[in-house]
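Enquirer:
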Amino acid sequence: MFVAGAVMSDSKKRVLVVDDDNEILDSLEMALGSRGYDVVLAHDGNEGLARVERDSPDLVILDIVMPRRNGFNVLKCLNLMSTLNPRVIMVSGNEDPRHRAFAESSGVDAFVSKPFDVDYVLDLVDQLLTFK
């Protein structure tokens, strides 16, 4: 696991989950909502970028392999959006260590391999947003 530092704030946090797997979207929406987060969902990279611009999330959980625009391309666009600076957790079912290395060198706050334990991801979200 790789986690970067953060800054403190107290308002209700918005989390955007971008993944083409409906089971992951449903489970994270339910789990994050039960922790009091405002949850926004997107089914592909293009929808994810539109949601970032419209909803200004504090944190994005971003899959790598998706239709229409992959997670690395979305991450590149996020890095170019100077007014928005959401924390990013990248998730992938691909075990290629180059994906993890590229994600971490591209500025993600954490990288999680699929399948993942939802409680682990919730704790990671809590940790990253507690000090944002």
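Numbering follows the UniProt record's numbering, with no gaps: position 92 of the sequence shown is 92.
Glycine is no exception: its CB is placed at the ideal position from the N, C-alpha and C atoms.
Residue 87 lies in the alpha helix (DSSP H); which residues open and close that run?
Expert: One-based indexing of the sequence shown puts residue 87 at position 87. Residue 87 -> not in any alpha helix (DSSP H); beta strand (DSSP E) instead, spanning 87–92.
Enquirer: For residue 14, name the three-state secondary structure that DSSP assigns.
Expert: Position 14 of the sequence shown, counted from the first residue, corresponds to residue 14. It is a strand residue.
Enquirer: Run through DSSP, which three-state label would residue 61 get?
Expert: Your numbering for residue 61 matches position 61 in the sequence shown. If DSSP states are grouped into helix, strand and coil, residue 61 belongs with the strands.
Enquirer: Assuming residue 38 is part of the beta strand (DSSP E), what are its boundary residues?
Expert: Taking the first residue of the sequence shown as position 1, residue 38 is located at position 38. Looking at the DSSP string, the run of the beta strand (DSSP E) that includes residue 38 is 38–42.
Enquirer: With contact counted as at least three CB pairs below 8 Å, one residue from each stretch, are the region 79–97 and the region 26–40 in contact?
Expert: no
Enquirer: Nearest CA to the CA of residue 42: which residue from 106, 16, 69 and 118?
Expert: Taking the sequence shown and counting its residues from 1, one reaches residue 42 at position 42. Looking from the CA of residue 42, the closest CA among 106, 16, 69 and 118 belongs to 16.
Enquirer: I need the boundaries of the beta strand (DSSP E) containing residue 111, first residue and last residue.
Expert: As a position in the sequence shown, residue 111 is number 111, starting the count at 1. It spans 110–113 - the beta strand (DSSP E) in which residue 111 sits, taken as one unbroken run.
Enquirer: Taking residue 34 as part of the alpha helix (DSSP H), name the residues at either end of that continuous run.
Expert: Residue 34 sits at position 34 when you count from the first residue of the sequence shown. Run containing residue 34: 22–34, per the alpha helix (DSSP H) assignment.
Enquirer: Might you give, ordered along the chain, the residues of its own chain that have their beta carbon closer than 8 Å to the beta carbon of residue 122, omitting 5 neighbours on each side?
Expert: Start at 1 with the first residue of the sequence shown, and residue 122 comes out as number 122. Excluding five sequence positions before and after residue 122, the CB atoms of its chain that fall closer than 8 Å to its own CB belong to 31, 32 and 35, given in chain order.
Enquirer: How many angstroms separate the CA atom of residue 97 from the CA atom of residue 111?
Expert: Translated into the one-based positions of the sequence shown, residue 97 becomes position 97. Translated into the one-based positions of the sequence shown, residue 111 becomes position 111. Computed Cα separation, rounded: 11 Å.
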